[in-house]
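Written below as structure tokens is the structure these notes are about.
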Amino acid sequence: MTTFTDDDKGLIKEIRERIGSLDVRDNIERRAYEIALASLEAGVVAWRYRYVKKDVTDSQGKTWVGDWKYVPTKEDCNDRPNYEIQELYNLPPAIAAPTRGLVNAVRFYDQVKHTNPPVETGAWKDAIDWVLKEAYQAVNIDAKGE
Numbered sequence: 538m539t540t541f542t543d544d545d546k547g548l549i550k551e552i553r554e555r556i557g558s559l560d561v562r563d564n565i566e567r568r569a570y571e572i573a574l575a576s577l578e579a580g581v582v583a584w585r586y587r588y589v590k591k592d593v594t595d596s597q598g599k600t601w602v603g604d605w606k607y608v609p610t611k612e613d614c615n616d617r618p619n620y621e622i623q624e625l626y627n628l629p630p631a632i633a634a635p636t637r638g639l640v641n642a643v644r645f646y647d648q649v650k651h652t653n654p655p656v657e658t659g660a661w662k663d664a665i666d667w668v669l670k671e672a673y674q675a676v677n678i679d680a681k682g683e
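For the sequence shown, my numbering assigns the number 538 to the initial residue and increments by one for each residue that follows.
This is the structure we're talking about:
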């Protein structure tokens, strides 16, 4: 399971605060923050387990393992010795921590917000587009929401 660093926890707290605050200027920006937050909060949806024969290898020299059995709760897993148990997420565990691209995009947006450049420069559009792109990638959907 992925562990969050203090920086990650701070970013999650900041995103939560922005969703409910006036810092979020419009629905597009609010949606980007909601998508980013959802990508950070992937939860366990099921479990799987399998038997692992220690000191026994197959013809390729790999440790012999049984087939995975899929169950809805951890209590349904066989927890005896020689059994491997894994959590299954609605999103890959790697996505549970923010991607570097998403963190950089949010920081760039903050920079633009604090400097408040004229709209004609396109900096606002670039910042929002980048945050949206990274957020969509984090939850594995394309820009059309599919």
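We put the CB at the ideal spot given by N, CA and C, even for glycine. In this text the structure is predicted, and so the values were computed from the model without any measurement.
Task: Length of the line joining the Cα atoms of valine 608 and alanine 583 - done: Note on geometry: alpha-carbon atoms of valine 608 and alanine 583 lie some 6 Å from one another.
Task: Spatial neighbours of proline 629 in its chain, beta-carbon cut-off 6 Å, leaving aside the 5 residues before and after - done: Low confidence applies to proline 629: its pLDDT is 49, below 50, so where it sits in the model is not reliable, and the reading given next is rough at best. Correct list: empty, nothing qualifies.
Task: Member of Val643, Val589, Asp604 whose CA lies at the smallest distance from the CA of asparagine 619 - done: A check of alpha carbon separations from asparagine 619 across Val643, Val589, Asp604 identifies Val589 as the nearest.
Task: Pair within 8 Å by beta-carbon distance, tyrosine 586 and glutamate 621 - done: A contact, by the Cβ cut-off of 8 Å.
TODO: Assuming threonine 732 contacts tryptophan 601 (C-beta within less than 8 Å), just tell me the rounded distance between them.
DONE: No answer is possible for residue 732: it lies beyond the span of the chain, which begins at 538 and ends at 683.
Task: Run of the beta strand (DSSP E) containing valine 608, from where it starts to where it stops - done: If you look at valine 608, you'll find it in the beta strand (DSSP E) that goes 606 to 608.
- [ ] Check whether the Cβ atoms of alanine 639 and alanine 672 lie closer than 8 Å to each other.
- [x] In the sequence on display, residue 639 carries leucine and not alanine. Going by C-beta atoms, leucine 639 is nearer than 8 Å to alanine 672.
- [ ] Using the DSSP secondary-structure output, state which residues sit across from valine 581 in a beta bridge.
- [x] BP columns for valine 581 point to Tyr626.
Task: Buried versus exposed, by CB contacts within 10 Å (16 or more), glutamate 554 - done: With fewer than 16 other Cβ atoms within 10 Å, it is exposed.
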